[in-house]
Amino acid sequence: MVEQTLVLIKPDATKREIWLQIIDHYKQAGFFIKKTRLIPKMRKKDVRKFYHVHKDKPFFGRLVDFMSSGPAIALLIEGQNVVEEIRKLNGSTDPKKAEKKTIRKEFGKKGGEKHENAVHASDSLESAQREIKIFFSDK
Ligand code: UDP
Ligand code: MG
Numbered sequence: 243m244v245e246q247t248l249v250l251i252k253p254d255a256t257k258r259e260i261w262l263q264i265i266d267h268y269k270q271a272g273f274f275i276k277k278t279r280l281i282p283k284m285r286k287k288d289v290r291k292f293y294h295v296h297k298d299k300p301f302f303g304r305l306v307d308f309m310s311s312g313p314a315i316a317l318l319i320e321g322q323n324v325v326e327e328i329r330k331l332n333g334s335t336d337p338k339k340a341e342k343k344t345i346r347k348e349f350g351k352k353g354g355e356k357h358e359n360a361v362h363a364s365d366s367l368e369s370a371q372r373e374i375k376i377f378f379s380d381k
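Using the numbering used here, read the sequence shown as starting at 243 and increasing by one per residue.
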């Protein structure tokens, strides 16, 4: 089934100026990037909403500060089974545990905090729909 998913290139990656390499990596892997949008800085209240499922986790405050600390880039990626395939290419949440050749292994911040894992991707079709609306609905 042709699906759409939302990738966010996080502030740790934009600050290290590796966002172009990350986009290239998705393209080299054969993914079709349908739309891109630069987000100069997410507002904290928008990050809280975006990551609301984690609001009671101990890392939530750090995550909110981090996500609103610099630019992010949103990518709308389309293709067969992309929700699962992109999650696979991104790799494990913790870059130190991420599998070889995954985005988080290659581009997660070396010696960085656990949240500095370069990218976000939607975890289900429902999340994808919600997250795409946040970044790509033209009001
Ligand atoms: N995160 C963190 N510490 C943790 C778990 C997660 O800082 O112990 C951050 C990390 O940036 C992660 C985000 O919170 O990408 C969302 O966590 P989730 O468990 O949903 O991981 P993901 O779906 O991004 O792999
Ligand atoms: Mg998640």
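Ideal Cβ positions, reconstructed from N, Cα and C, are used throughout, including at glycine. Since the structure is predicted, the reported quantities are computational estimates derived from the model, not experimental observations.
Hey, would you say the C-beta of residue 298 is under 8 Å away from at least one heavy atom of ligand 2?
Checking the Cβ of residue 298 against ligand 2 gives no.
What does the alpha-carbon distance come out to for the pair residue 267 and residue 355?
23 Å
Who are the near neighbours of residue 261 in its chain, counting only those whose CB is closer than 7 Å to its CB and skipping five residues on each side?
251, 255 and 315
Simplified DSSP state of residue 377, which is helix, strand or coil:
DSSP places residue 377 in helix when its eight states are reduced to three.
Quick one: Cα of residue 371 to Cα of residue 249, how far?
12 Å
Count the C-beta pairs between the segment 274 to 281 and the segment 316 to 324 that are closer than 8 Å, then say yes if the count reaches three, no if not.
yes
Residue nearest to residue 272 in terms of C-alpha spacing, selected from 285, 284 and 328
328
Using 8 Å as the cut-off, classify the Cβ of residue 357 as near or not near the heavy atoms of ligand 2, replying yes or no.
no
Residue 365: beta carbon under 8 Å from a heavy atom of ligand 4?
The model on display carries ligand 1 and ligand 2 but not ligand 4.
Among 376, 377, 360 and 369, which one has its Cα closest to the Cα of residue 383?
Any question about residue 383 goes unanswered here, given that the chain covers just 243 to 381.
Closer than 8 Å: residue 294 CB and nearest ligand 2 heavy atom
no
Can you find the residues in the same chain that come closer than 6 Å, C-beta to C-beta, to residue 351, ignoring five residues on each side of it along the sequence?
254 and 358
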